[in-house]
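Asks: In our numbering, the protein residues as written are 19 to 119.
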Amino acid sequence: MLLLNITNIIANEHAGEHLSWLQQVYIPLIKKELTFEEIKLLKILDSPNDGQTISLQLIAPNLKEISTFKETLLPVLHKKMQEELKGHLFIFDTTMESIDY
19 MLLLNITNII
29 ANEHAGEHLS
39 WLQQVYIPLI
49 KKELTFEEIK
59 LLKILDSPND
69 GQTISLQLIA
79 PNLKEISTFK
89 ETLLPVLHKK
99 MQEELKGHLF
109 IFDTTMESID
119 Y
């Protein structure tokens, strides 16, 4: 299993607005454009960061799907960070592979 985790650290005063945008605009866009096996949106409860930390997790069938996402839809999130929420939103992504045990 491959998982792309996109961590969103958002200032408290913009957290509700950003979460709504993720739920109502961004995730539906991902579902329309790509074929991830599962999409999860989680609030990190014990984050050491100021503000709220949200994790968007995309479970992918292959690395190509993750690469396509990074080339086409991750820039949409970066644009929002740089233009609309400058100084209030920080994002980073991590690609992971599950290990059988």
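Each residue gets a CB set at the ideal place from its N, CA and C atoms; glycine is no exception.
1. Tell me the DSSP bridge mates of Ala-33?
2. Using alpha carbons as the reference points, say which of Glu-56, Ile-28, Lys-49 lies closest to Gln-66.
3. Taking all protein chains shown into account, decide if Lys-98 is buried (16 or more other Cβ within 10 angstroms of its Cβ) or exposed.
4. Tell me whether the beta-carbon of Ile-45 lies closer than 7 Å to the beta-carbon of Ile-62.
5. Look at Asn-26 and Ile-84 and say whether their C-beta atoms are less than 7 Å apart.
6. Could you check whether Ala-78 and Leu-37 sit closer than 7 Å to each other, using their CB atoms as the reference points?
7. Could I get the ranges of all uninterrupted beta strand (DSSP E) runs contained in the region 37-90, with 3 residues as the minimum, in chain order?
8. What did DSSP end up calling Met-18 once you bin it into helix, strand or coil?
Replies: Concretely, from the data shown:
1. What you label residue 33 is simply residue 15 of the sequence shown in a count that begins at 1. Its beta-bridge partners do not exist; DSSP assigns none.
2. Within the sequence shown, numbered from 1, the residue matching residue 66 stands at position 48. Per the sequence shown, residue 66 should be read as Pro rather than Gln. Out of Glu-56, Ile-28, Lys-49, Ile-28 has the C-alpha closest to the C-alpha of Pro-66.
3. The residue labelled residue 98 in the question sits at position 80 within the sequence shown. Buried, because 16 or more other Cβ atoms sit within 10 Å of the Cβ of Lys-98.
4. Walking along the sequence shown from the start, residue 45 turns up at place 27. Walking along the sequence shown from the start, residue 62 turns up at place 44. Not in contact: Ile-45 and Ile-62 (Cβ atoms no closer than 7 Å).
5. The residue you call residue 26 lines up with position 8 of the sequence shown. The residue you call residue 84 lines up with position 66 of the sequence shown. No; because the gap between Cβ atoms is not below 7 Å, this pair is not in contact.
6. For this step, residue 37 is matched to residue 19 along the sequence shown. For this step, residue 78 is matched to residue 60 along the sequence shown. Going by beta carbons, Leu-37 and Ala-78 fall outside the 7 Å limit.
7. When DSSP assignments are scanned along the region 37-90, the uninterrupted stretches of beta strand (DSSP E) that are 3 or more residues long and fall wholly within it turn out to be 56-62, 70-78.
8. Nothing about residue 18 can be reported from this structure: the residues present for the chain run from 19 to 119 only.
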